[in-house]
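The number in our numbering is simply the position in the sequence shown, starting from 1, with 2 added.
For every residue, glycine included, the Cβ atom is placed at its ideal position computed from N, Cα and C.
Read through the structure below, which is laid out as structure tokens, and then see the notes.
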Amino acid sequence: MSSLSFFQRTKNRYLSEHIQNDVGFSMVEVIAVVLMIGILGTIAIPSWFNFLNRQRVNKTNDVVFAAIQEAQKEAKQKKISYSVSFKMDNQVPKLAIHPDSIAASSLASNQWKSMEESVGIKSGQISFFTNLTGKNTVNSTNPAVNTSATYLNSPQTITFDYMGTLPNFVTPATGEAPGLKIVVAASNNSTKRCVIVKTILGSTLRGKNNECN
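This is the structure in structure tokens:
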């Protein structure tokens with residue numbers, strides 16, 4: 003009986019230990035899991051925000067590209083000069099397609115297309131920048147993009163004539179023309195895309211990062 007009793011006690015203790023182990027985790031295991039989740043979150047969250055920024059910038063740049071092409075198309079179809087203008091309004095990028103006979107500064111607020119509504123961005127998430135210093139003009143000695151946060155508080159304009167070409171477009175005597183650049187940048191400036199009107203004929207292409215400086 004004593005041997006049977008010993009085996010019974012051993013069996014019960016073994017089962018008890020395994021039942022306790024199956025019921026839950028030890029404190030050390032819980033802490034280890036929490037630490038792992040924290041580390042993974044620290045790695046994943048910045049990557050996720052960078053992904054969202056790229057998506058917003060790409061979508062906004064697509065809208066800019068389409069707007070420039072639309073202004074050129076309107077100019078050729080209607081046989082009048084047509085413009086596309088860009089500005090920042092309370093940290094929200096906006097654009098407008100309009101006949102050149104109407105100055106951008108005279109456009110009504112409802113004639114401006116807000117990227118807040120078109121792309122779903124919020125104030126401060128995306129900015130417009132440009133190297134334009136006037137209608138179809140850039141600084142010939144320093145054609146770099148102006149990245150001042152307040153520069154586009156006053157709109158800048160690209161205009162196509164009735165043939166869809168760029169009046170006043172200046173080609174440098176030497177070197178490659180910088181083109182007319184509209185830059186779309188994330189708030190932290192980590193992601194940049196741009197549309198570049200490259201030639202007097204209105205040839206338009208997309209650029210990114212250093213091409214948008």
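Residues that residue i bridges to, as DSSP identifies them
i    : result
N148 : T132
A98  : S87
R58  : The partner list for R58 (beta bridge, DSSP) is empty, contrary to what the question assumes.
V199 : L182, T206
A188 : I128
K75  : DSSP, once it has assigned bridges, lists no residue as partnering K75.
S103 : Answer is none; S103 lacks a bridge partner.
K194 : A187
Span of the beta strand (DSSP E), counted from its first residue to its last, around residue i
i    : result
M90  : 84 to 91
I160 : 158 to 162
Selected residue, minimal CA-CA separation from residue i, among the options
i    : options                : result
K124 : N92, V36, L182, A34    : N92
Q113 : G126, D64, F88         : F88
N55  : R208, T139, K194       : K194
N211 : N63, M117, C196, T143  : C196
T143 : A179, W50, S120        : A179
V94  : I70, S192, M117        : M117
E213 : L203, T201, K183, N191 : K183
G181 : N170, T201, Y153       : T201
P169 : V199, V32, S111, I99   : V199
N155 : G122, L97, R208        : L97
K137 : S192, M29, S83         : S83
K115 : A68, T152, F51, S28    : A68
N191 : T206, A73, G126, P157  : G126
I70  : I99, I33, S107         : I99
S111 : E31, P157, F53, I33    : P157
A151 : F171, S85, A105, M90   : M90
E72  : S85, S28, A34          : S85
N- and C-terminal bounds of the alpha helix (DSSP H) containing residue i
i    : result
E213 : Segment: none, E213 is in no alpha helix (DSSP H) and carries neither H nor E.
S142 : First-last for S142: undefined, no H or E at that position.
M117 : 117 to 120
Whole-angstrom C-beta distance between residue j and residue i, which should lie under 8 Å
i    : j    : result
S120 : V65  : 6 Å
T167 : L203 : 6 Å
V172 : T139 : 7 Å
N63  : R208 : 7 Å
> Three or more C-beta pairs closer than 8 Å, one from the stretch 59 to 76 and one from the stretch 185 to 198: is that the case here?
Replying inline: A contact exists between the stretch 59 to 76 and the stretch 185 to 198.
>> Is it the case that the stretch 73 to 88 contacts the stretch 152 to 169, given that we only count it when at least three CB pairs across the two stretches are under 8 Å?
In response: Remark: three or more beta-carbon pairs, one from each stretch, lie closer than 8 Å, so the stretch 152 to 169 and the stretch 73 to 88 are flagged as touching.
> Are the stretch 125 to 133 and the stretch 143 to 157 touching by the rule of at least three beta carbon pairs closer than 8 Å?
Replying inline: Proximity of the stretch 125 to 133 to the stretch 143 to 157 meets the contact definition, three or more beta-carbon pairs being nearer than 8 Å.
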